[in-house]
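Report on the following structure.
Protein chains: 2
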Amino acid sequence: MLTLRQLQYLDALARHGHFGRAAQECAVSQPALSMQIHELERVLGAVLVEHCQGATVLTEIGAEVARRAGAIMRATRDLTDCACSGGRLLGGSVRLGVIPTLAPYVLPRVLPELHRQHPDLRLDLLETQTNTLLTRLAHGLLDVVLLALPIDKLELETLTLFDDRFLLAVPAGDPLPERSRVTTRDVNARKLILLEEGHCLRDQALIYCARLSDADSNLGATSLTTIMQMVASGYGVTLLPEVAIDAEVRDDRVKLLRFVEPQPKRSIGLAWRSTSPRKADFMALGEMVVEALKVQGAKSASASHLRDVEARHAAPTNSPAKVRTSVT
Amino acid sequence: MLTLRQLQYLDALARHGHFGRAAQECAVSQPALSMQIHELERVLGAVLVEHCQGATVLTEIGAEVARRAGAIMRATRDLTDCACSGGRLLGGSVRLGVIPTLAPYVLPRVLPELHRQHPDLRLDLLETQTNTLLTRLAHGLLDVVLLALPIDKLELETLTLFDDRFLLAVPAGDPLPERSRVTTRDVNARKLILLEEGHCLRDQALIYCARLSDADSNLGATSLTTIMQMVASGYGVTLLPEVAIDAEVRDDRVKLLRFVEPQPKRSIGLAWRSTSPRKADFMALGEMVVEALKVQGAKSASASHLRDVEARHAAPTNSPAKVRTSVT
DNA sequence: TAAAAATACTCCATAGGTATTTTAT
DNA sequence: ATAAAATACCTATGGAGTATTTTTA
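Respectively, the protein sequence lines represent chains X and F.
One point on numbering: in my numbering, the residue at position 222 of the first sequence is 222, and numbering is uninterrupted.
One point on numbering: in my numbering, the residue at position 153 of the second sequence is 481, and numbering is uninterrupted.
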């Protein structure tokens, strides 16, 4: 008899290419997984896995079966999700992925309210870069991700939440006057510090600055916090997203300058597999994010660091009431 | 732990609305199925089935889960199919449905050659009317069906095989001359005998004759054989499809008359779930059907009953070389 | 020699069967 | 009263763990 467990093990084996690690992911012993794979081969009457030059590799038919097994595993997860939530909005559990340039700024504002409104929701969080998030999402290891749009995956549905404008962060001693509007030229005349390869924020900044790659790549860093410290110390300038202002502008050693129109920005939104039965959950989650940022933005607008920026700087650009879903 | 078996039982239960009959289909005892359903409810933490006024009925959430369970069962069957066939054309097993007005005429011509070319193919046959066939196909209880096209199911793929023209079968004593071409008028001037409700052939004949319903419904029958006996005995006339000529015209008590152009006909083809991994198999099967009918048709053309009909009367109208697949 | 997968063997969870009881028309 | 589903109890299959062997680079 074919079992879901066998398909689960094969799915894991296909992703890891290694019996031991696949077993680890499935939280079983290696012989247990090994046995189930063999039983699966017996049931199907086909060889699924081979050992070429020491590596564990799937046969052609094994790969096709694994692909289908993955789809079935995702379908079963959707089934349990749709049953466990029991019609309640945001019941059960949600596995949420967030990019590193959003997580530290958005999550602290959203999670408390989320927990208050949905105390029985179990939230599993993963913070990593867009590519990894999308892979995990496709594999069914995540339910929904919060990242910069657009993304060009046909099998995903996306919900745009708000626009996040970039500001130019310069050392306090920079000659540019405090309230002036800056341009690409101003950026290119200075040393630009960016996140390392793989962060979408880096790519977005480079596109705006019309550079193919960063000339000052030796000044890269792995977190916005570090980059802002470098700016504060006078090593260069950077493009800082509005959501990060409250957390990253801590003293008077940096100035924030608005760009001339059209201001550079990134669109922030949610993405999930279009087969997911929890679209309503995710849209509710999206609204909570928008609401949380609006409140927080209004509060901090009266605060210190942005004398020349209009109120509610981190608030959503488009109204949360008319969030729209687009199938990309 | 959620198991495929539980989903299989729920799928069966949803279709039968009855624990005992569902258990019968699954070839297990009623308590066994009952237990698995309860275990499934425990695992999902949701009530799936209720007992309203003596009948077993699924809850709203139960119906949704059952729908997804059905999809998963079909996906697993596709998985095993794609593995079992092991890349070979028409390996493993195929569950074929055929409408009653084709099965007795097409199958005897196709099955011997099919068995010769694919001796290890296991073929499960079901002969019943179009509606039932399509339901079973959608439920994953059949792999492919042979019937009259077109059908308007979005989730099915179809392959047109050949056109099957209708001829007017009249008693030998009918005044119409032997080689004359007949029209709708000739039919309407006579007593028309048709299959009972539900047969697509009946509907096709009624459309051609421009009648909303059959006035002589008391002369209905459940098989073409019976109807031809009635025609031979002088009770009326009927529209006989070409494929049935060899089998149903056994003596000189009936005459077959061609219609004037455009001759009434039905299109015969195959249909399968578009998610099926065996499209290649089905197209090969389709070609075999076309080939088998061509050979047989050529042979019987020289035979007795159709002096005024051109050779290869039962041969496909369109070439088997350019069979085309249309997603309807 | 080392790492990875297969094998051996034991234990226990659980699916399934039969018999029976409960429940609802 | 009857039919259907739930419960009780027993059996046996098989999945998982630990320990060990085999295989291959």
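Cβ atoms here follow ideal geometry from the backbone N, Cα and C, with glycine treated the same way.
Range covered by the alpha helix (DSSP H) that runs through residue i
| i | result |
| --- | --- |
| X:Arg-68 | 60–84 |
| X:Gly-20 | 19–26 |
| F:Val-473 | Per DSSP, F:Val-473 belongs to no alpha helix (DSSP H); it is in the beta strand (DSSP E), 472–477. |
| X:Met-230 | 224–232 |
| X:Val-110 | 103–117 |
| F:His-344 | 332–344 |
| X:Met-35 | 30–44 |
| F:Gln-532 | 528–536 |
| X:Ala-221 | From DSSP, X:Ala-221 is part of no alpha helix (DSSP H); its letter is neither H nor E. |
| F:Ala-575 | 573–576 |
Burial state of residue i (16 or more Cβ within 10 Å)
| i | result |
| --- | --- |
| X:Gln-117 | exposed |
| X:Thr-80 | buried |
| F:Glu-576 | buried |
| X:Met-1 | exposed |
| X:Ser-276 | buried |
| X:Asp-78 | buried |
| F:Glu-570 | buried |
| X:Gly-269 | buried |
| F:Ala-374 | buried |
| X:Arg-62 | First, the amino acid is wrong: residue 62 of chain X is Gly here, not Arg. So X:Gly-62 counts as buried. |
| X:Asp-281 | buried |
| F:Ala-631 | Note on F:Ala-631: pLDDT 41, under 50, position unreliable in the model; no value is reported. |
| X:Arg-278 | buried |
| X:Asp-246 | buried |
| X:Ala-55 | exposed |
| X:Arg-42 | exposed |
Residue i - partner residues in DSSP beta bridges
| i | result |
| --- | --- |
| F:Glu-619 | DSSP lists no partner for F:Glu-619. |
| X:Ser-93 | X:Arg-122 |
| X:Pro-177 | DSSP, once it has assigned bridges, lists no residue as partnering X:Pro-177. |
| X:Ala-280 | Paired residues: none, contrary to the question. |
| X:Thr-56 | X:His-51 |
| F:Leu-520 | F:Val-565 |
| F:Glu-455 | F:Val-426 |
| X:Ala-138 | X:Ala-138 pairs with nothing; no bridge assigned. |
| X:Val-182 | X:Phe-259 |
Same chain only: Cβ atoms within 8 Å of residue i, ignoring 5 sequence neighbours per side
| i | result |
| --- | --- |
| X:Met-288 | Val-110, Glu-113, Leu-114 and Gln-117 |
| X:Leu-4 | Ile-72, Met-73 and Thr-76 |
| F:Glu-483 | Ala-466, Arg-601, Ser-602 and Thr-603 |
| X:Leu-176 | Val-170, Val-182, Asp-186, Lys-255 and Leu-257 |
| X:Leu-126 | Arg-95, Leu-96, Gly-97, Val-98, Leu-133, Arg-136 and Leu-142 |
| X:Gly-234 | Pro-171 and Gly-173 |
| X:Asp-252 | Ala-172 |
| F:Leu-361 | Tyr-337, Ala-340, Leu-341, Phe-347, Ala-350, Ala-351 and Cys-354 |
Opening and closing residue of the beta strand (DSSP E) in which residue i lies
| i | result |
| --- | --- |
| X:Ile-268 | 265–273 |
| X:Pro-171 | 156–171 |
| F:Thr-566 | 566–569 |
| F:Leu-376 | First-last for F:Leu-376: undefined, no H or E at that position. |
| F:Leu-584 | 582–585 |
Assumed close pair residue i, residue j - CB separation to whole angstroms, cut-off 8 Å
| i | j | result |
| --- | --- | --- |
| F:Leu-376 | F:Ala-497 | Not a contact, Cβ separation roughly 53 Å. |
| F:Met-558 | F:Gly-564 | 7 Å |
| F:Thr-550 | F:Glu-524 | 6 Å |
| F:Leu-534 | F:Leu-474 | Incorrect: roughly 22 Å between the Cβ atoms, too far for contact. |
| X:Arg-258 | X:Leu-167 | 6 Å |
| F:Ala-340 | F:Ala-350 | 4 Å |
| X:Leu-194 | X:Thr-238 | 7 Å |
| F:Val-434 | F:Leu-613 | Their Cβ separation, rounded to whole angstroms, is 12 Å, which puts F:Val-434 and F:Leu-613 out of contact at 8 Å. |
| X:Cys-84 | X:Thr-130 | The pair is not a contact, with the Cβ atoms about 28 Å apart (cut-off 8 Å). |
7 Å Cβ shell around residue i - same chain, five flanking residues per side excluded
| i | result |
| --- | --- |
| X:Leu-58 | Ala-14, Leu-48, Val-49 and Ala-66 |
| F:Gln-364 | Arg-333, Gln-334 and Tyr-337 |
| F:Asn-516 | Cys-537 |
Own chain residues within Cβ distance below 6 Å of residue i, not counting five before or after
| i | result |
| --- | --- |
| F:Arg-509 | Arg-586 and Val-588 |
| F:Arg-396 | none |
| F:Arg-493 | Glu-570, Gln-591 and Lys-593 |
| X:His-334 | The structure shown does not extend to residue 334 of chain X, since chain X spans only 1 to 328, so no value can be given for it. |
| F:Glu-388 | none |
| X:Gly-70 | Asp-11 |
| F:Gln-532 | Arg-594 |
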